[in-house]
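Protein chains in written order, with the working numbering: chain G, 8 to 410; chain F, 8 to 410. Built from N, CA and C at the ideal position, the CB exists for glycine as well. Accompanying notes for the structure given below.
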């Protein structure tokens, strides 16, 4: 993580900092405000939105213009006064690479400053355990992606890696995750950083997903948000009091104690045991499960009641888990995403939405929105890239409070 | 909550605030640092601990001395230099009242600046539904407590009210909690504030408990902490990334979806149905349950295997719930407290501690401490008072980021 900080603009402010160091923080606040208003904001509006003085906003916007992060985008007439010059972010001014190491698939994306995907590639995760070879391939993919996109490599802030937990975010590696044989304690972040020449950081996949949702998704305004990721495995990315929850070791979001098994392997195994799927769908390797899930979805949609029952039970397990977490944390927004959700979303919603709406605490307190991510099945890879953007460019409240 | 803010020193800093307003925040940071070092801190150490300049620390400590919140407490020799003057908080400089409205018992405490209980009173919660009469009684208790303690009423910052959820913290009232008939939507905070003349705020009981633990308990240093409260009802107070979790509506900590029923009523009912307790322990009103719990504990301690089984099953339910929440949030500390915990702590620990230690994610990542609160069975009332101290005197990171 240190590497990424060095490669970008670290918010250098510490708890009880002296005044001169506030500049960086306020700069991020202004950039955040501009970024969240795609129609552009005038300096007067920026002062109003951020609580900063006109003079401070003027100084900061000059620096953002100098660095190419923002540009003047036209004028807006307000009443009878002088037309106000609008400011907007320059999406092509900075980029980030995200890579999602999933047991089934390795996905790599290049995104611009707004988190929009410029280019992406995916491949089946090799099962042989040749980690050095796989990392060399990942590095070649990253480098190829940047080169072919025509993006100025100097504008690429860094590389984010999303991986299933348990992870060791300080050391930048995974810790014996059940389905990633050979990767346990392999120095993934450092090797991939060295091989690409990019500052690199590693975070848990579900945390990446919720950061993507905040950076580029539709739930950006929620301060208390739960992202339920359904892929090869399942987990939750959490935002609480406007802060992304990482926990003591970066392993927040683990739902093993909350939701009964809902990996793709368990889902396909249940369908196999009920005879809904034939033995050709047997899962030896996690990467094998996707066709079985797709077939199960097609059968359920075609009216196969046994197939539908498998999906219904998955929905009930997931629904109980998200209701438990949503009421524990008192969130107003639940976002679903991930490859399994992409396939089964329509059917799962019919089970999960009423469960949330009927939840006693939801009924007693406030409505809770159930959403599908707009970022598609690559949300964790987009999240990995968003981690870099977020670290480099976002106003980090926690940075004010480091001990 | 507004009332309490008006009555004390509100941290007035907003997101991206201009520099002059940082004073209040830094003042709170300095007071926090002094408060957390009972042995006293020199100005040089304060500058080091807070990251503030020597001049800023000097200005702030002068203001704290002027306001009576801190005092010089002696000198410490450091090497060959001039002895350094130490600063410490003045515990008797400010006070707060806390009241816990529990379905079984109403507890009222007066605490000093450090959260130490100066005086307390408890009474059975009236079941008749005469809320106006009960509030009048609560106000008389509060006023009597302050008067008899001999504390200067002008030094009492305010009144905190802790109540079981669901609560409406903005309106300052409870929202139809299962066991508090008649209190639903009654304007508790405003009536009690008016009757006592104190600025008042209301928060959920489990949130109050975790604030008490941070203010006056032994887990003050943990940044990711879970307080499992076992009383008439059960719930969890949560601290995530050094922030107390309240959620969208102040109702975070609800564990209905996580832990099967573990109210005192359920516990006693199970013992009744197994014949462990006689019909004289039947629970008509929540206040009736306490003797049954105490009897159950005595029987289990005396070797009654059926009684022990009831407690063991409670421990397993609670253990599963805390493991699920602890791994979801990746905390390093689980604190237990509340009247039921006080009675059954020894026995419940033998069940719960190994469950936490064996939890797969705990084993894969980091040890997780299981503690009993040092604050005793009145922890929620102490928490109610701590809410006032925390609001008035603590450095509030979130206050820097209000939209």
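Check, Outcome
"Minimum Cβ-Cβ distance from residue 367 of chain G to chain F less than 8 Å", "yes"
"Three-state class that DSSP yields for residue 235 of chain F in the structure shown", "strand"
"Beta-carbon spacing of residue 335 of chain G, residue 145 of chain F below 8 Å", "no"
"Any 3 or more C-beta pairs closer than 8 Å across the segment 372-382 of chain F and the segment 337-350 of chain F", "yes"
"Assigned exposure category for residue 88 of chain F - 16 Cβ within 10 Å defines buried", "exposed"
"Closer than 8 Å to chain G by CB, residue 262 of chain F", "yes"
"Minimum Cβ-Cβ distance from residue 66 of chain F to chain G less than 8 Å", "no"
"Cut-off 6 Å between Cβ atoms - residues of its own chain near residue 158 of chain G, not counting five sequence neighbours on either side", "102"
"Member of F:239, F:254, F:237 and F:238 whose CA lies at the smallest distance from the CA of residue 245 of chain F", "F:254"
"Sequence-distant residues of the same chain with beta carbon closer than 7 Å to residue 394 of chain F, five excluded per side", "167, 208, 210, 215 and 218"
"Spatially closest choice to residue 220 of chain G from G:38, G:33, G:392 and G:256, by CA coordinates", "G:392"
"Integer-rounded CB distance, given that residue 368 of chain G should sit under 8 Å from residue 173 of chain F", "6 Å"
"Cα-Cα separation, residue 382 of chain F to residue 111 of chain G", "50 Å"
"Beta bridge counterpart(s) of residue 343 of chain G as assigned by DSSP", "G:235 and G:379"
"Supposed contact pair residue 205 of chain F and residue 104 of chain F - C-beta distance, whole angstroms, cut 8 Å", "7 Å"
"Option in F:256, F:266, F:262 and F:231 with minimal Cα separation from residue 249 of chain F", "F:231"
"Interface partners of residue 243 of chain F on chain G, CB under 8 Å", "335"
"Environment of residue 281 of chain F [buried if 16+ CB atoms lie within 10 Å]", "exposed"
"Within chain F, the residues that residue 5 of chain G reaches when beta carbons sit closer than 8 Å", "Missing from the structure shown is residue 5 of chain G; chain G here goes from 8 to 410 and no further."
"Chain F contacts from the segment 179-207 of chain G (Cβ-Cβ distance under 8 Å)", "182 and 183"
"Three-state secondary structure assigned by DSSP to residue 306 of chain G", "helix"
"Status (buried if at least 16 other CB within 10 Å, exposed otherwise) for residue 47 of chain F", "buried"
"Contact with chain F by residue 372 of chain G, beta-carbon distance below 8 Å", "yes"
"N-terminal and C-terminal residue of the alpha helix (DSSP H) that residue 414 of chain F is part of", "In the structure displayed, chain F extends from 8 to 410; residue 414 of chain F sits before or after that span and is not available."
"heavy atom of the ligand NAD below 7 Å from residue 320 of chain G C-beta", "This structure simply doesn't include the ligand NAD, nor any ligand for that matter."
"C-alpha distance - residue 288 of chain G paired with residue 186 of chain G, whole-angstrom precision", "18 Å"
"Listed by chain order, chain G residues near residue 332 of chain F by CB distance under 7 Å", "335"
"Beta strand (DSSP E) segment containing residue 44 of chain G, residue limits", "That residue, residue 44 of chain G, is in no beta strand (DSSP E); it is neither H nor E in DSSP."
"Exposure label - residue 106 of chain F; buried when at least 16 CB within 10 Å", "buried"
"is_contact[residue 220 of chain G, chain F] using C-beta, thresh 8 Å", "no"
"Reduced DSSP secondary structure (H/G/I, E/B, other) of residue 95 of chain G", "strand"
"Continuous beta strand (DSSP E) assignments of at least 3 residues falling wholly in the segment 238-271 of chain F", "241-247"
"CB contact below 8 Å: residue 259 of chain G versus chain F", "yes"
"Local Cβ density within 10 Å of residue 3 of chain F, reported as buried at 16 or more and exposed below that", "No statement about residue 3 of chain F is possible, as the shown extent of chain F runs from 8 to 410 and does not include it."
"Ordered list of beta strand (DSSP E) runs contained in the segment 163-220 of chain G, each at least 3 residues", "163-170 and 207-211"
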